[in-house]
């Protein structure tokens, strides 16, 4: 490794340390200060008024399926095409106090239409009886362990086969993100901690691990990290304003009321704000990494800051346009059942949009999109600034012409010789000239063009 390359790597390392150490320290302190210690103390102890005492959900296996008429059944939905079909299932209990028993449960029209066959496993709701009464069973849900595991495995294999080691690292980062959400963010929110701080600290911890695990430890990744953190801060500020200004309570469905009753210290409006921050995390990561990579790839061809920023912004604008559609359509797909109320209720769009259920989805989408759009130019500016700083560090030192100092740079401009006087320098220059036969003979070798400075020249290879 040359002296110049070593100097560039040392400068890049110092830059990363200056940026990373304060951010990592703040994240670590936040995790320690906000980490939930005793979540059970913040939960409603007397749960009997919100759920049936002793209720369990054992697994059962269908042994017999008997179609019946849905007329008079609970949950019957009139079918315009005729009488819908429900079903009576005979189920063998596979676990719990009633293991081995046979019980009969009823499927509604929609449940039976989704498919029920002999040998299929289902979830039962078991309510224990009194001193003399027997326990009763009701159908709870279908057992979905196999399809969930199969599609999860298929997803992991597709990512690893296509992206190889980076895909494996991305899966590790995804597992860490799930750990932070389940073990830190959810319990901290239930404990009544500040929702914005919890979401910012948890998201920052996720970004640190996910970005460096998937993209390597480099200045390029650090640039994307800083841009992502800025987007998270902006999203948090906009989420707080949107929640307050839009009077979002977070209490829309029956589950929200049950959650509020079971966790008295949990502020459901805080859940809305935290959801806005976490929802924008994935798209922010995508845009900032792509934009940081674009800056360094373009820097290999043109390192003039103004032109570099302009070219990178053109790439970023195309990415932003596509990402806006991604966010909008993902939100529309996730909330399709809510959006169908516009057609069912036959109410004006503006009136339905003001309901809290729909307003929450709209504001979450807009807040995430604004943070995404503004994070892109900031990431570009950070990347250009780092490239420019490394360029100044890579320039050769100027000659020191003070008396007594060694000359560090020799001028390549030869002095004009005196007419008629042939000096040793003149004879040396003449000897270096090609002979007449060589001028008219074989072609001269092509002039070696100095290659443009690349990202690896600036900062070394990614780890």
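Numbering (the numbering used here), first residue to last: 1 to 463. We put the beta carbon where it would ideally sit given N, CA and C, even for glycine. If you're wondering where the values come from, they're calculated on a predicted model, not measured in any experiment.
Residue 276 versus residue 322 - alpha carbon distance: Within the chain shown, residue 276 is the residue found at index 276, counting from 1. Within the chain shown, residue 322 is the residue found at index 322, counting from 1. Approximately 20 Å, taken between the alpha carbons.
Cβ shell of residue 278 (< 7 Å), same chain only, five flanking positions each side left out: One-based indexing of the chain shown puts residue 278 at position 278. These residues qualify, in order along the chain: 199, 203.
At least three beta-carbon pairs within less than 8 Å, the region 187-201 to the region 27-39: The region 187-201 vs the region 27-39: in contact.
Same chain only: Cβ atoms within 7 Å of residue 406, ignoring 5 sequence neighbours per side: What you label residue 406 is simply residue 406 of the chain shown in a count that begins at 1. Its pLDDT being 45, under 50, residue 406 is placed unreliably in this model, and the value from its coordinates should be taken loosely. Sequence-distant Cβ neighbours of residue 406 in its own chain, meaning closer than 7 Å and more than five residues away, do not exist here.
Inter-stretch contact (C-beta, 8 Å, three-pair minimum) for the region 378-387 and the region 294-311: In short, these stretches touch, since the Cβ pair count reaches three.
Backbone secondary structure at residue 19 - three-state DSSP: Looking up residue 19 in the chain shown gives position 19. For residue 19, the three-state secondary structure derived from DSSP is helix.
Short Cβ contact (7 Å threshold) for residue 292 with residue 223: Residue numbering aside, residue 292 sits at position 292 when the chain shown is read from its first letter. Residue numbering aside, residue 223 sits at position 223 when the chain shown is read from its first letter. Yes; because the gap between Cβ atoms is below 7 Å, this pair is in contact.
Residue range of the unbroken beta strand (DSSP E) whose run includes residue 136: Working through the chain shown from its first residue, we reach residue 136 at position 136. Note, residue 136: beta strand (DSSP E), 136-142.
Residue 183 versus residue 35 - alpha carbon distance: Mapped onto the chain shown, residue 183 falls at position 183. Mapped onto the chain shown, residue 35 falls at position 35. Approximately 9 Å between the Cα atoms of the pair.
Cβ of residue 332 within 7 Å of any chain C Cβ: Looking for chain C here will not work: only one protein chain is present.
Length at least 4, wholly inside the region 136-208: the alpha helix (DSSP H) runs in chain order: Complete alpha helix (DSSP H) runs here, min 4: 145-180, 186-190.
Contact the region 135-154 vs the region 223-232: 3+ CB pairs below 8 Å: In this structure the region 135-154 does not touch the region 223-232; the number of beta carbon pairs closer than 8 Å is below three.
Cut-off 7 Å between Cβ atoms - residues of its own chain near residue 369, not counting five sequence neighbours on either side: Here residue 369 refers to the residue found at position 369 of the chain shown. Only 324, 327 meet the Cβ criterion.
Residue 267 burial status per 10 Å Cβ neighbour count (16 or more: buried): On the chain shown, position 267 is the one that residue 267 refers to. With 16 or more other Cβ atoms within 10 Å, it is buried.
Contact under 7 Å by Cβ, residue 127 with residue 60: As a working note, residue 127 is residue 127 in the chain shown. As a working note, residue 60 is residue 60 in the chain shown. Between residue 127 and residue 60, the C-beta gap is not smaller than 7 Å, which leaves the two residues out of contact.
Residue 188 and residue 288 closer than 7 Å at C-beta: Start at 1 with the first residue of the chain shown, and residue 188 comes out as number 188. Start at 1 with the first residue of the chain shown, and residue 288 comes out as number 288. In this structure, residue 288 does not lie closer than 7 Å to residue 188 by Cβ.
Status (buried if at least 16 other CB within 10 Å, exposed otherwise) for residue 399: As a first step, residue 399 must be located in the chain shown, where it is residue number 399. For residue 399, the predicted model reports a pLDDT of 39, less than 50, meaning its position is unreliable; a value from the coordinates is still stated below. It counts as exposed.
Inter-stretch contact at 8 Å, needing at least 3 Cβ pairs: the region 131-142 / the region 169-180: Look at the beta carbons and you see the region 131-142 not touching the region 169-180: under three pairs across the two are nearer than 8 Å.
Inter-residue CB distance, residue 272 and residue 250 (contact presumed, cutoff 8 Å): Indexing the chain shown from 1 puts residue 272 at position 272. Indexing the chain shown from 1 puts residue 250 at position 250. Your pair residue 272 and residue 250 checks out as a contact, with CB atoms roughly 5 Å apart and the cut at 8 Å.
Helix, strand or coil at residue 473 [DSSP, three-state]: Since the first and last residues shown for the chain are 1 and 463, residue 473 lies out of range.
Residue 367 and residue 242 closer than 7 Å at C-beta: Against the chain shown, residue 367 aligns to sequence position 367. Against the chain shown, residue 242 aligns to sequence position 242. Their beta carbons are under 7 Å apart, which means residue 367 touches residue 242 by this criterion.
Inter-residue Cα distance where the pair is residue 190 and residue 42: To locate residue 190, count along the chain shown from 1; it is residue 190. To locate residue 42, count along the chain shown from 1; it is residue 42. If I take the Cα positions, the gap works out to 7 Å.
Residue span of the alpha helix (DSSP H) that contains residue 118, given as start and end: Indexing the chain shown from 1 puts residue 118 at position 118. Neither: residue 118 is in no alpha helix (DSSP H) and is coded neither H nor E.
Beta-carbon proximity check, residue 57 vs residue 114, cutoff 7 Å: For the purposes of this step, residue 57 is taken as the residue at position 57 of the chain shown. For the purposes of this step, residue 114 is taken as the residue at position 114 of the chain shown. No, the Cβ-Cβ distance between residue 57 and residue 114 is not below 7 Å.
Nearest candidate by alpha-carbon position, reference residue 357, set 62, 147, 332: The residue given as residue 357 occupies position 357 in the chain shown. Nearest option by C-alpha distance: 332.
Residue range of the unbroken alpha helix (DSSP H) whose run includes residue 341: Numbered from its first residue, the chain shown carries residue 341 at position 341. Start and end: 341-345.
For residue 69, the three-state DSSP class (helix, strand or coil): As a working mapping, residue 69 is identified with position 69 in the chain shown. If DSSP states are grouped into helix, strand and coil, residue 69 belongs with the strands.
Three-state class that DSSP yields for residue 359 in the structure shown: Looking up residue 359 in the chain shown gives position 359. In the structure shown, the three-state DSSP call for residue 359 is helix.
Between the CA atoms of residue 213 and residue 377 - distance to the nearest angstrom: Counting from one through the chain shown, the residue named residue 377 turns up at place 377. Counting from one through the chain shown, the residue named residue 213 turns up at place 213. Straight-line Cα distance between these residues: approximately 24 Å.
Inter-residue spacing [alpha-carbon to alpha-carbon] between residue 312 and residue 219: Here residue 312 refers to the residue found at position 312 when the chain shown is read from its first residue. Here residue 219 refers to the residue found at position 219 when the chain shown is read from its first residue. Near 17 Å, if we compare the C-alpha coordinates of residue 219 and residue 312.
Pairwise C-alpha distance: residue 109 and residue 71: To locate residue 71, count along the chain shown from 1; it is residue 71. To locate residue 109, count along the chain shown from 1; it is residue 109. Straight through space, the alpha carbons of residue 109 and residue 71 are spaced by roughly 10 Å.
Three-state class that DSSP yields for residue 252 in the structure shown: Taking the first residue of the chain shown as position 1, residue 252 is located at position 252. In this structure, DSSP gives residue 252 a state outside helix and strand, which the three-state scheme calls coil.
Span of the alpha helix (DSSP H), counted from its first residue to its last, around residue 317: By 1-based counting over the chain shown, the position of residue 317 is 317. For residue 317, the uninterrupted alpha helix (DSSP H) segment begins and ends at 305-334.
Spatial neighbours of residue 129 in its chain, beta-carbon cut-off 6 Å, leaving aside the 5 residues before and after: Working through the chain shown from its first residue, we reach residue 129 at position 129. Contacts found: 135.
Residue 99, buried or exposed, once every other Cβ within 10 Å from all chains shown has been counted against 16: As a working mapping, residue 99 is identified with position 99 in the chain shown. Exposed, because fewer than 16 other Cβ atoms sit within 10 Å of the Cβ of residue 99.
Same chain only: Cβ atoms within 7 Å of residue 119, ignoring 5 sequence neighbours per side: Reading the chain shown from its first residue, position 119 is the one you call residue 119. Here the set comprises 61, 62.
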